[in-house]
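The working numbering applies: residue 10 is where the sequence shown begins, and numbers increase by one.
For every residue, glycine included, the Cβ atom is placed at its ideal position computed from N, Cα and C.
Just so we're clear, the structure is a prediction, and the values are computed from it rather than from any experiment.
To start, the structure under review is shown below, and the notes come after it.
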Amino acid sequence: MRRSDLAEPRFGRREFVATLGAAALSACATKSGGPSIGRVVVVGGGFGGATAARYLKLWGGNVDVTLVERNAAFVSCPLSNLVVGGQRALGDITRGYEGLQAVGVKRVQGEAVAVDVAARKLRLAGGTELPFDRLVVAPGIDFQFDEVGGLEAALDAGQVTHAWKAGPQTAALRRQLESMADGGVVAITIPRAPYRCPPGPYERACLIAAYLQRAKPRSKLLLLDANPEIQSKRALFERAFEERYRGLVEYRPNAELREVEGRLAKLEFEDVRADVLNVIPPQRAGDLARQAGLMTINRRWCGVDWLTMESTAAPGVHVLGDAVFPAALMPKSAHMANQQAKLAAAAIVQLLEGEAVNPAPMLANTCYSFVSADEAMHVTTVHRYDPAEKTFKTVPGSGGLSAAPNAAEGRYALDWAQNIWADSLAL
Ligand SMILES: Cc1cc2nc3c(=O)[nH]c(=O)nc-3n(C[C@H](O)[C@H](O)[C@H](O)COP(=O)(O)OP(=O)(O)OC[C@H]3O[C@@H](n4cnc5c(N)ncnc54)[C@H](O)[C@@H]3O)c2cc1C
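Printed below as a string of structure tokens:
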């Protein structure tokens, strides 16, 4: 493949999401016409699956691509903390799948329930079977309810929210914050890493605190972290809690949640009663990965061959995004899911064509976090495949971190979201 063969998505100066991915990977020329070179079924229309479906069409052209997603619309986790904080509405972070259909992706709204790896068939709830030459599994995360007693019942009863999958849960947490009286206690519990979006809980604390400071100043926010310290942008978040939200936010490390009783959080060493209890549950790869026998690492995450994202347990099945056991310093992020999807799409087209895959892929990640309605900060990393160790490693001297949150980065963060939605969903 030649670099000049790259199909160019519509992006501007700062929109490096697609271009980095495209430049970093050995991409394929757009192909169209002629008989289908293969059937690829993609499960999950989130950041990983949607991007894979789009780029399989963009780079494969005559690959037959079917996307199976349970939800009617895409709701973004990135920026969903702004909805929790009341700075944005759910409609602002919701998008449709029409763009993907317009580029030739067949969309099936349904629940994938079983994979027959040997027969190369995916079964949907209701019994429909979809045959595939290659399957992409990008189901995101599901929760380990057995790790926290009473949690599933409290969530079902609506006493507690997780809001760690954007949608109705995000709206429910917002409603609870609005209903809380001034002087109330909000508690957020954070599970042990690895979990989806390392800086996400601390961003959420800042945005809820910004709301409370303005609307309910006598209230308190407890951030109960199972980890020994803040997991991302530590010094920057510590400063935000100390300087912007002093007296309002209290951060407690080594505070692992064991059990939930209504809005009582039972931690390892103390019990905390909250008026609004937001539990971010311990996580693992999505249910379909477990059903298909793809969860090879710690019975939680999926091992992959990093050159193709093909499962180490199931030939012909590629796994992407949060469901994957990460390489060192690789976050579970939308940006990373989007990058892995491009790597997989390029590799799948090459495998279907009988060509060699790129032996030296690179991936990059940027995560923005808001600390107030309009100020954000970022962290970036660059990851290069190491053929000796068959994994990705960060490139020495690459990456970076904001010196301080600021309004310009707040605007970049909003632009980043618009661009990654456009890139993933072909908008
Ligand atoms: C509050 C919050 C803030 C975040 N902020 C950022 C950020 O600023 N930047 C960033 O890069 N990342 C951020 N993230 C992380 C990001 O959202 C995830 O890393 C990303 O969504 C992972 O993509 P994915 O494709 O693996 O999973 P998802 O995006 O969750 O997609 C999985 C999809 O699969 C579907 N699905 C699952 N199982 C089935 C099935 N059996 N049948 C049919 N459909 C199925 C689901 O409905 C879902 O649509 C944030 C996360 C949270 C919770």
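Selection from G94, P44, T103 and G95 that minimises the alpha carbon distance to A431 | The residue given as residue 431 occupies position 422 in the sequence shown. Ranking G94, P44, T103 and G95 by Cα distance to A431 puts T103 first.
For T390 versus N374, is the C-beta distance shorter than 7 Å?
-> For the purposes of this step, residue 390 is taken as the residue at position 381 of the sequence shown. For the purposes of this step, residue 374 is taken as the residue at position 365 of the sequence shown. Yes. Within cutoff.
I think L230 touches L216, with their Cβ atoms under 8 Å apart; what is that distance to the nearest whole Å?
-> As a first step, residue 230 is located in the sequence shown; it is residue number 221 there, counting from the start. As a first step, residue 216 is located in the sequence shown; it is residue number 207 there, counting from the start. At roughly 10 Å, the Cβ-Cβ gap does not stay under 8 Å, so L230 and L216 are not in contact.
Check each candidate in L186, R227, Y260 and E251 and name the one with the smallest Cα separation from E238.
-> For this step, residue 238 is matched to residue 229 along the sequence shown. Of the listed residues, the one whose Cα sits closest to E238 is Y260.
Can you find a heavy atom of ligand 2 that lies under 6 Å from the Cβ of C311?
-> Absence of ligand 2 is noted for the structure shown, with ligand 1 being the only ligands found.
Residues of its chain near V333, where Cβ-Cβ distance is below 6 Å and the 5 sequence neighbours each way are ignored | Along the sequence shown, one-based indexing puts residue 333 at 324. Closer than 6 Å at the Cβ level, and outside the excluded window around V333, lie C311 and V313.
S89 CB to nearest heavy atom of ligand 1 below 6 Å | Here residue 89 refers to the residue found at position 80 of the sequence shown. At a cut-off of 6 Å, the beta-carbon of S89 counts as near ligand 1: some heavy atom of the ligand is closer than that.
Among the residues of its own chain, which have a CB less than 8 Å from the CB of A82, if the five just before and after it don't count?
-> Along the sequence shown, one-based indexing puts residue 82 at 73. Correct list, in chain order: T103, R104, G105 and Y106.
Cross-strand partners of R299 (DSSP beta bridge) = Residue numbering aside, residue 299 sits at position 290 when the sequence shown is read from its first letter. Residue pairing by DSSP places R299 opposite no residue, since no beta bridge is assigned to it.
Would V404 be called buried (16 or more neighbouring beta carbons within 10 Å of its own) or exposed?
-> Numbered from 1 along the sequence shown, position 395 holds the residue referred to as residue 404. Exposed, since its Cβ has fewer than 16 Cβ neighbours within 10 Å.
DSSP state of T60, grouped into three classes?
-> Position 51 of the sequence shown, counting from 1, holds the residue named residue 60. Helix.
Beta strand (DSSP E) segment containing K402, residue limits = By one-based count along the sequence shown, residue 402 stands at place 393. Element bounds for K402: T400 to T403.
Enumerate, from N- to C-terminal direction, the unbroken beta strand (DSSP E) stretches of 3 or more residues contained entirely within the region 315-353.
-> Those beta strand (DSSP E) runs which fall completely within the region 315-353 and span 3+ residues are 326-328.
If you draw a straight line from the C-alpha of A235 to the C-alpha of T137, how long is it?
-> Within the sequence shown, numbered from 1, the residue matching residue 235 stands at position 226. Within the sequence shown, numbered from 1, the residue matching residue 137 stands at position 128. Spanning the two alpha carbons is a distance of roughly 42 Å.
For G409, which residues of its own chain have a beta-carbon under 7 Å away from its beta-carbon, when the five flanking residues on both sides are left out?
-> Within the sequence shown, residue 409 is the residue found at index 400, counting from 1. T389, listed in sequence order.
Under three-state DSSP, which class holds R393?
-> Position 384 of the sequence shown, counted from the start, is the residue given in the question as residue 393. DSSP places R393 within a strand segment (E or B) once states are collapsed to three.
Paired residues, beta bridge with V281 - DSSP | Locating residue 281 in the sequence shown gives position 272, counting from the first residue. Note: V281 is bridge-paired with A274 in the DSSP secondary-structure output.
Count the C-beta pairs between the region 338-357 and the region 46-64 that are closer than 8 Å, then say yes if the count reaches three, no if not.
-> Short answer: they touch.
Counted within 10 angstroms of its Cβ, other Cβ atoms place V49 as buried (16 or more) or exposed | Position 40 of the sequence shown, counted from the first residue, corresponds to residue 49. Of the other Cβ atoms in all chains shown, 16 or more fall within 10 Å of the Cβ of V49; this residue is therefore buried.
For L423, name the three-state secondary structure that DSSP assigns.
-> Locating residue 423 in the sequence shown gives position 414, where the first residue counts as 1. L423 falls in the helix class under three-state DSSP.
By DSSP, does K229 sit in helix, in strand, or in coil?
-> Taking the first residue of the sequence shown as 1, we reach residue 229 at position 220. In this structure, K229 counts as strand in the three-state DSSP scheme.
For ligand 1, is there a heavy atom less than 6 Å away from the beta-carbon of V146?
-> The count along the sequence shown starts at 1 and reaches residue 146 at position 137. No, Cβ of V146 sits at least 6 Å from all heavy atoms of ligand 1.
Do A322 and G302 come within 7 Å of each other at the CB atom, strictly closer than that value?
-> Counting from 1 along the sequence shown, the entry for residue 302 is found at position 293. Counting from 1 along the sequence shown, the entry for residue 322 is found at position 313. Contact flag set, yes.
Report, in whole angstroms, the separation of the C-beta atoms of V169 and V269, which I expect to be a contact under 8 Å.
-> On the sequence shown, residue 169 is found 160 positions in, with the first residue counted as 1. On the sequence shown, residue 269 is found 260 positions in, with the first residue counted as 1. Their Cβ separation, rounded to whole angstroms, is 6 Å, which keeps V169 and V269 in contact under 8 Å.
With 16 as the cutoff for other CB atoms within 10 Å, does Q185 come out buried or exposed?
-> Position 176 of the sequence shown, counted from the first residue, corresponds to residue 185. So Q185 ends up on the buried side.
Whole angstroms is fine: what's the gap from R183's alpha carbon to G209's?
-> Indexing the sequence shown from 1 puts residue 183 at position 174. Indexing the sequence shown from 1 puts residue 209 at position 200. When rounded, the distance between both Cα atoms is 16 Å.
In terms of alpha-carbon separation, which member of R63, L99 and R293 lies closest to Q110?
-> If you number the sequence shown from 1, residue 110 lands on position 101. It is R63 whose Cα lies nearest to the Cα of Q110.
Take L257 as the anchor and find which of K242, S241 and A214 has the nearest alpha-carbon.
-> Along the sequence shown, one-based indexing puts residue 257 at 248. Closest by C-alpha distance to L257, out of K242, S241 and A214, is A214.
Please confirm whether any heavy atom of ligand 1 lies closer than 6 Å to the CB of N263.
-> In the sequence shown, counting from the first residue as 1, residue 263 sits at position 254. No.
What do you reckon, are the CB atoms on G119 and L133 nearer than 7 Å?
-> Reading the sequence shown from its first residue, position 110 is the one you call residue 119. Reading the sequence shown from its first residue, position 124 is the one you call residue 133. Taking 7 Å as the Cβ cut-off, G119 and L133 qualify as a contacting pair.
For E161, I'd like the list of residues in its chain whose CB is within less than 7 Å of its CB, leaving aside the five on either flank, ordered along the chain.
-> Against the sequence shown, residue 161 aligns to sequence position 152. The beta carbon of E161 is closer than 7 Å to those of F154 in its chain, skipping five residues each way along the sequence.
By a C-beta neighbour count over all protein chains shown, 10 Å radius and 16 as the cutoff for buried, is A354 buried or exposed?
-> Counting from one through the sequence shown, the residue named residue 354 turns up at place 345. In summary, A354 is buried, with 16 or more beta-carbon neighbours lying within 10 Å of its beta-carbon over all protein chains present.
Please go through the region 189-225 and give each complete alpha helix (DSSP H) segment of 4 or more residues, from N-terminal end onward.
-> Scanning the region 189-225 from its first residue to its last, the whole alpha helix (DSSP H) runs of 4-plus residues come out as 209-224.
So, V84 versus G176, is the Cβ gap smaller than 7 Å?
-> Position 75 of the sequence shown, counted from the start, is the residue given in the question as residue 84. Position 167 of the sequence shown, counted from the start, is the residue given in the question as residue 176. A contact, by the Cβ cut-off of 7 Å.
Between the Cα of G419 and those of L436, S378 and R272, spot the shortest distance and give me the residue it belongs to.
-> Here residue 419 refers to the residue found at position 410 of the sequence shown. Ranking the options by Cα distance to G419, first place goes to S378.
A397 versus V145: straight-line alpha-carbon distance, rounded | Within the sequence shown, residue 397 is the residue found at index 388, counting from 1. Within the sequence shown, residue 145 is the residue found at index 136, counting from 1. Near 26 Å, if we compare the C-alpha coordinates of V145 and A397.
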